[in-house]
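As structure tokens, the structure follows; a few thoughts come after it.
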């Protein structure tokens with residue numbers, strides 16, 4: 233498995249180029265070929281390119297809880313192709329070009345507290361999220377430790393050197409626009425950030441093979457995605473039978489009251505055989521399909537796929 237989940241669907245135009253990575257059938261989509269790039273892929277429309285920082289698994293210098301607030305509510309728009317960029321400690325502590333004597337962290341807090349960011353129809357940050365960000369800003373914006381890294385392709389069974397294919401032969405949402413089975417393969421959290429969809433910590437699509445296209449119905453059902461958070465809490469997310477989607481909301485069959493404290497690790501498990509694919513390292517962003525695109529982005533080998 234691979235990372236930044238965060239972190240794709242929609243957004244702002246960015247230059248895109250393809251650079252070879254991994255093997256003949258694995259391509260990383262990026263901006264200018266940078267190894268830190270992540271394309272928020274929506275299957276054909278213009279997309280934002282995030283070059284390193286929050287959501288990509290690189291070290292940001294931000295405290296983990298602050299980084300998570302930005303990933304869950306901000307970086308789908310403030311990812312580098314738009315201004316201001318809010319991805320790293322340096323970005324947040326830089327002086328605002330519009331407000332003399334204030335940093336972007338201070339301006340971000342002011343906008344959150346005023347209710348003007350993120351703009352509608354995006355879901356506003358929660359009171360605890362604002363409190364977390366406020367405590368950091370008012371505490372002098374101290375640097376954080378390392379809580380994420382760039383995972384490898386993941387250990388476990390499964391071949392990434394496979395041709396692009398929609399194994400199910402079915403495409404499109406299998407539910408209404410607000411259902412758990414919408415838009416398989418696209419990055420749920422980034423879209424929900426901007427469009428006002430329900431917020432949750434982890435979401436993505438499981439596929440049988442590594443290079444399946446957006447909107448292809450995934451699966452198989454019966455497998456699970458297992459999340460272990462920083463408090464040692466283990467959460468098992470079922471795979472939706474109709475789409476292959478999974479998420480940390482009860483809408484997707486997750487346990488009631490699910491809380492995932494970042495950073496966390498993830499793996500795909502076949503409960504019947506015991507086989508698994510394990511994502512190396514820990515992350516704070518749970519938008520799996522933003523890195524696990526058809527061809528893979530930000531170092532991912534391709535889709536989240538069955539072991």
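Numbering (my numbering), first residue to last: 233 to 539. Quick reminder that beta carbons are idealized off the backbone N, C-alpha and C, glycines included.
In whole angstroms, give me the CA-to-CA distance for residue i and residue j.
i	j	result
residue 334	residue 372	12 angstroms
residue 415	residue 407	9 angstroms
residue 360	residue 347	14 angstroms
residue 445	residue 307	24 angstroms
residue 426	residue 310	11 angstroms
residue 466	residue 460	4 angstroms
residue 424	residue 393	32 angstroms
residue 497	residue 468	12 angstroms
residue 331	residue 417	40 angstroms
residue 312	residue 290	15 angstroms
residue 358	residue 462	21 angstroms
residue 352	residue 507	43 angstroms
residue 511	residue 485	22 angstroms
residue 436	residue 537	11 angstroms
residue 362	residue 528	33 angstroms
Which one of the options has the shortest CA to CA distance from residue i?
i	options	result
residue 474	515, 404 and 468	404
residue 521	515, 512 and 535	535
residue 398	426, 377, 493 and 440	440
residue 514	485, 370 and 464	464
residue 526	294, 468 and 438	438
residue 344	356, 325 and 482	356
residue 396	354, 442, 431 and 417	442
residue 401	447, 366 and 436	447
residue 354	431, 391 and 497	431
residue 501	456, 511 and 482	456
Are the Cβ atoms of residue i and residue j separated by less than 8 angstroms?
i	j	result
residue 328	residue 317	no
residue 509	residue 539	yes
residue 499	residue 458	yes
residue 478	residue 487	no
residue 374	residue 305	no
residue 472	residue 413	yes
residue 492	residue 480	yes
Among residues of its own chain, excluding the 5 on either side of residue i, which ones have a beta-carbon nearer than 8 angstroms to its beta-carbon?
i	result
residue 504	454
residue 294	286, 302, 320, 321, 324, 375 and 376
Looking only at its own chain, which residues have a Cβ that is under 7 angstroms from the Cβ of residue i, when we skip the five neighbours before and after it?
i	result
residue 516	296, 299, 300, 303, 379, 380, 494 and 495
residue 377	none
residue 292	285, 286, 299, 319, 320 and 321
residue 336	316, 318, 323, 324, 326 and 328
residue 364	297, 298 and 301
residue 369	337, 338 and 341
residue 490	467 and 480
For residue i and residue j, which I take to be in contact (beta-carbon distance under 8 angstroms), what is that distance rounded to the nearest angstrom?
i	j	result
residue 429	residue 449	In fact, because the Cβ distance is near 20 angstroms, the residues do not count as touching under 8 angstroms.
residue 366	residue 341	6 angstroms
Ordered along the chain, which non-local residues of its own chain (more than five positions away) have a Cβ less than 6 angstroms from that of residue i?
i	result
residue 451	476
residue 483	412
For a cutoff of 8 angstroms on Cβ pairs, would you count residue i as touching chain C?
i	result
residue 310	No chain C appears in this structure, which consists of one protein chain only.
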